[in-house]
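Here the protein sequences line up with chains A and B, keeping their order.
Quick note: the first sequence uses this note's numbering, first residue 102, plus one each step.
Quick note: the second sequence uses this note's numbering, first residue 22, plus one each step.
Note that beta-carbon positions come from the ideal geometry of N, C-alpha and C, so glycine has one too.
Since the structure is predicted, the reported quantities are computational estimates derived from the model, not experimental observations.
This report refers to the structure that appears directly beneath it.
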Amino acid sequence: MTTGYNFAYLNEQTKRMIRRALLKAVAIPGYQVPFASREMPMPYGWGTGGVQVTASILTPEDTLKVIDQGADDTTNAVSIRKFFVRTAGIATTEETAKASIIQTRHRVPETALSENQILVYQVPIPEPLRFLEPRETETRKMHALEEYGIMHVKLYEDIARHGHIATSYAYPAKVNGRYVFDPSPIPKFDNPKLDNCAALQLFGAGREKRIYALPPYTEVKSLDFEDHPFSVQKWDEPCALCGSRDTYLDEIILDDKGKRMFVCSDTDHCRKARGEEAA
Amino acid sequence: MTGPLLAADNISKFYDGRVACDKVSFELWPGEVLAVVGESGSGKTTLLKCLSMQIALSSGRVLYSLRDGRMESLADLSEAERRFLMRTDWGFVHQDPREGLRMGVSAGANVGERLMAVGERHYGRIRDTALDWLDRVEIAGDRIDDSPRHYSGGMRQRLQIARNLVTAPRLVFMDEPTGGLDVSVQARLLDLLRGLVRSLGLSVIIVTHDLAVARLLSTRILVMQQGKVIETGLTDQVLEDPQAPYTQLLVSSVLQV
């Protein structure tokens with residue numbers, strides 16, 4: 102652990118400010134709370150929002166797991182985990198069940214989460230209406246007045262062009278019957294896992310300076326049409342490593358002659374399924 | 022319906038002390054088409070924006086008869102009620118269709134947007150309604166998935182009209198709907214508009230500098246000059262026998278072919 106820094110890098114006033122934003126976010130599920138995002142020692146887009154949220158809720162007794170695209174050994178995950186080991190000296194793990202805080206980008210772990218866990222998302226664009234209505238003043242008003250018809254315009258457009266809802270990630274959902282939110286770039290495969298989840302889920306967007314949250318057991322309903330109901334991705338073959346048929350699979354290109362394989366994107370879950378010990 | 026649909030009561034609008042609209046009062050009755058004519062800068066568009074609550078009034082009030090029969094001052098409605106009114110009970114046809122259309126999405130989505138905004142969640146029904154409306158504004162059904170970017174000016178304008186009428190509004194504001202179109206396209210559009218207004222029993226407030234448009238569409242006319250209403254009456258009466266000197270000038274300066 103590096104000395105000379107406050108515990109978990111951020112100073113106490115900053116943590117307090119972020120915790121206040123977090124409390125407000127938990128009180129109003131799905132509402133985007135503005136916060137004074139700080140410069141972090143990593144570039145925007147690398148998870149500065151998630152890192153600030155994690156830093157604010159971290160205690161010395163916590164065990165941290167960091168994943169990027171479901172994997173523990175990718176660059177982003179490794180560097181964020183190292184960052185907290187250096188600045189907070191906390192224990193880390195690759196096992197979902199053993200972690201008390203999981204910071205993620207792109208995936209929700211396949212293993213069901215418990216009430217004692219917190220899932221922290223790194224969010225690039227918190228505003229689901231952004232690409233339909235670029236004015237922030239207008240989108241805030243639309244959230245306030247619950248004018249979400251335009252979200253369905255996007256889904257309509259998908260069906261008109263592709264014959265089905267082709268939005269496959271950052272799939273908009275309605276939280277607790279009120280706010281439409283962007284669940285960050287997780288695949289829509291993971292949307293059902295957000296619904297009625299036992300763990301607290303926190304979302305931090307560093308560049309956009311927004312925090313939002315899903316308290317445990319909150320209803321999250323993915324938007325859809327009556328005659329085109331929400332559905333998740335399916336694969337024709339099982340995971341090439343563990344044989345699982347109910348997990349999210351990544352396609353891996355093996356050579357330049359068209360060989361490929363599909364494997365679980367959640368490395369920890371895949372390893373468990375094969376009966377191997379964590380690395 | 023026993024009273025007027027909309028009543029303007031002494032509306033004034035000043036821009037930085039300059040008068041744009043000066044104590045305008047009138048009543049619009051259900052099914053009536055009112056034309057506001059006058060030269061550029063006479064306050065026509067400002068009046069339209071004031072009536073549709075796009076800009077705040079300096080003084081006066083606009084009363085509107087809501088669907089439940091109450092006559093309310095628009096300024097007293099909450100913003101949520103006003104916005105709801107705008108996307109259900111009202112339509113707004115802009116001169117430039119790009120302002121009124123969502124250019125990034127297909128024609129079908131443009132027509133369907135208002136339906137989805139009021140809670141329609143059945144793709145098939147939305148599409149059927151959109152097809153029906155495209156047909157009514159004479160756009161071929163196979164263009165439903167095209168972007169309005171690939172439409173001609175006249176088609177865009179007709180699409181904008183369909184998009185506005187899909188929720189069966191009672192009042193439609195039109196700001197120079199035929200401006201920027203060539204004469205033959207104008208004639209077709211006017212024909213179409215006239216048919217729709219009659220068959221749907223719409224009330225319309227139409228701003229135009231083109232007296233021919235006013236004559237073809239409107240039942241009553243309001244002539245404006247420098248922010249004031251200088252003459253008002255039945256369209257045919259005013260255009261046949263203008264009383265105010267300015268109206269006489271306006272009528273006599275129409276080009277004859």
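Looking only at its chain, what residues have a beta carbon closer than 8 Å to the beta carbon of B:R215, apart from the 5 residues adjacent to it on each side? Against the second sequence, residue 215 of chain B aligns to sequence position 194. If we look at B:R215 and ignore the five residues flanking it on each side, its Cβ neighbours are L237 and L238.
Could you tell me whether any Cβ in chain B is nearer than 9 Å to the Cβ of A:K373? Position 272 of the first sequence, counted from the start, is the residue given in the question as residue 373 of chain A. Answer no: the Cβ-Cβ gap between A:K373 and chain B never drops below 9 Å.
Since I believe B:Q181 is in contact with B:L210 (beta carbons under 8 Å), could you give me their beta-carbon distance rounded to a whole number of angstroms? Here residue 210 of chain B refers to the residue found at position 189 when the second sequence is read from its first residue. Here residue 181 of chain B refers to the residue found at position 160 when the second sequence is read from its first residue. With a Cβ gap of about 11 Å, B:L210 and B:Q181 do not count as contacting.
For the 8 Å Cβ check, are there 3 or more pairs between the region 325 to 336 of chain A and the region 148 to 155 of chain B? no
Burial state of A:R236, where buried means 16 or more other Cβ atoms lie within 10 Å: Working through the first sequence from its first residue, we reach residue 236 of chain A at position 135. Burial call: exposed.
Below 8 Å on the Cβ atoms is my guess for B:D30 versus B:G90; work out the distance and round it to an integer in Å. Along the second sequence, read from residue 1 onward, the residue named residue 30 of chain B stands at position 9. Along the second sequence, read from residue 1 onward, the residue named residue 90 of chain B stands at position 69. Going by Cβ atoms, the distance from B:D30 to B:G90 rounds to 19 Å, so no, they are not a contact pair.
Just how far apart, CA to CA, sit B:V193 and B:L69? Residue 193 of chain B sits at position 172 when you count from the first residue of the second sequence. Residue 69 of chain B sits at position 48 when you count from the first residue of the second sequence. Going from the Cα of B:V193 to the Cα of B:L69 covers about 11 Å.
Residue of B:V126, B:Q75 and B:R135 minimising C-alpha distance to B:P190: By one-based count along the second sequence, residue 190 of chain B stands at place 169. Per the Cα distances, B:R135.
Is A:E234 helix, strand or coil when you go by DSSP? By one-based count along the first sequence, residue 234 of chain A stands at place 133. DSSP places A:E234 in coil when its eight states are reduced to three.
Expressed to the nearest angstrom, what Euclidean distance is found between the alpha-carbon atoms of A:A126 and B:F35? The residue labelled residue 126 of chain A in the question sits at position 25 within the first sequence. The residue labelled residue 35 of chain B in the question sits at position 14 within the second sequence. Taking the straight line joining both Cα atoms gives about 43 Å.
Of all the residues that make up the region 256 to 289 of chain A, which are near chain D by a beta-carbon distance shorter than 9 Å? Absent from the structure is chain D; the protein chains it does hold are A and B.
Alpha helix (DSSP H) runs wholly inside the region 27 to 83 of chain B, at least 4 long, in chain order: 65 to 72
With a threshold of 9 Å between beta-carbons, can A:L246 be considered close to chain B, or not? Counting from 1 along the first sequence, the entry for residue 246 of chain A is found at position 145. Yes, its Cβ sits closer than 9 Å to a Cβ of chain B.
Return yes when the Cβ of A:P317 is within less than 9 Å of the Cβ of A:E216, no when it is not. Your numbering for residue 216 of chain A matches position 115 in the first sequence. Your numbering for residue 317 of chain A matches position 216 in the first sequence. Judged by beta-carbon spacing, A:P317 lies within the 9 Å limit of A:E216, meaning their Cβ atoms are closer than that value.
If contact means a Cβ-Cβ distance below 7 Å, which residues of the region 166 to 186 of chain A contact chain B? From the region 166 to 186 of chain A, no residue has a Cβ closer than 7 Å to chain B.
At 3 residues or longer, and completely inside the region 311 to 370 of chain A: list those beta strand (DSSP E) runs for me, N to C. 311 to 315, 321 to 323, 350 to 354 and 361 to 365
Listed by chain order, chain A residues near B:I147 by CB distance under 7 Å: For the purposes of this step, residue 147 of chain B is taken as residue 126 along the second sequence, with counting starting at 1. The contacting residues are Y257.
Along the chain, where does the alpha helix (DSSP H) that runs through A:Q114 open and close? To locate residue 114 of chain A, count along the first sequence from 1; it is residue 13. First-last of the alpha helix (DSSP H) with A:Q114: E113 to A128.
Which whole-angstrom value describes the C-beta separation of B:I226 and B:V58, a residue pair presumed to lie in contact below a C-beta threshold of 8 Å? Taking the first residue of the second sequence as position 1, residue 226 of chain B is located at position 205. Taking the first residue of the second sequence as position 1, residue 58 of chain B is located at position 37. B:I226 to B:V58, Cβ: 12 Å. No contact.
Looking only at its chain, what residues have a beta carbon closer than 6 Å to the beta carbon of B:V132, apart from the 5 residues adjacent to it on each side? The count along the second sequence starts at 1 and reaches residue 132 of chain B at position 111. Only A151, W154, A183, R184 and V187 meet the Cβ criterion.
Could you tell me which chain A residues have their CB closer than 8 Å to the CB of B:R104, listed as they occur along the chain? As a first step, residue 104 of chain B must be located in the second sequence, where it is residue number 83. Those are L246 and E248, listed as they occur along chain A.
Reference A:I251, options B:E120, B:F47, B:M137 and B:T268, closest by Cα: Sequence index remark: in the first sequence, residue 251 of chain A carries index 150 (1-based). Measuring from the Cα of A:I251, the nearest candidate turns out to be B:M137.
Buried versus exposed call for A:A122 [16 or more other C-beta atoms within 10 Å across all chains shown]: Within the first sequence, the letter at position 21 stands for residue 122 of chain A. Buried is the call here.
Once the 5 residues before and after A:T188 are set aside, which same chain residues still bring their CB inside 7 Å of it? Stepping through the first sequence from its first residue, residue 188 of chain A is reached at position 87. Contacts found: T103, Y106, A109 and Y110.
Candidates B:M195, B:V234 and B:R219, of which the one nearest B:S205 by Cα: For this step, residue 205 of chain B is matched to residue 184 along the second sequence. Comparing C-alpha distances from B:S205 to each of B:M195, B:V234 and B:R219 shows the shortest one belongs to B:V234.
A:P130 versus A:I287 - alpha carbon distance: Translated into the one-based positions of the first sequence, residue 130 of chain A becomes position 29. Translated into the one-based positions of the first sequence, residue 287 of chain A becomes position 186. Cα to Cα, A:P130 sits roughly 18 Å from A:I287.
From A:T197 to A:Q204, what does the alpha carbon distance come to, in whole angstroms? Counting from 1 along the first sequence, the entry for residue 197 of chain A is found at position 96. Counting from 1 along the first sequence, the entry for residue 204 of chain A is found at position 103. Spanning the two alpha carbons is a distance of roughly 11 Å.
Looking at chain A, is there any beta carbon in it that lies within less than 9 Å of the beta carbon of B:E134? Reading the second sequence from its first residue, position 113 is the one you call residue 134 of chain B. Yes - at least one Cβ of chain A is within 9 Å of the one on B:E134.
Contact with chain B by A:F326, beta-carbon distance below 9 Å: Translated into positions along the first sequence, residue 326 of chain A becomes position 225. Closer than 9 Å: yes.
Go ahead and pull the three-state DSSP assignment for B:D196. Start at 1 with the first residue of the second sequence, and residue 196 of chain B comes out as number 175. In this structure, B:D196 counts as strand in the three-state DSSP scheme.
Bridge partners of B:E252, per DSSP? Position 231 of the second sequence, counted from the start, is the residue given in the question as residue 252 of chain B. In DSSP, B:E252 forms a bridge with B:V244.
Taking just the CA atoms, how far does A:E239 sit from A:L246? The count along the first sequence starts at 1 and reaches residue 246 of chain A at position 145. The count along the first sequence starts at 1 and reaches residue 239 of chain A at position 138. So the alpha carbons of these two residues sit roughly 11 Å apart.
Beta-carbon proximity list for B:L78, same chain, < 8 Å, skipping 5 on both sides: Within the second sequence, residue 78 of chain B is the residue found at index 57, counting from 1. Same-chain partners within the cutoff: I32, S33, K34, C71 and A96.
Could you tell me the distance, in whole angstroms, from the CA atom of A:A192 to the CA atom of A:T155? Taking the first residue of the first sequence as 1, we reach residue 192 of chain A at position 91. Taking the first residue of the first sequence as 1, we reach residue 155 of chain A at position 54. The alpha-carbon atoms of A:A192 and A:T155 are separated by roughly 14 Å.
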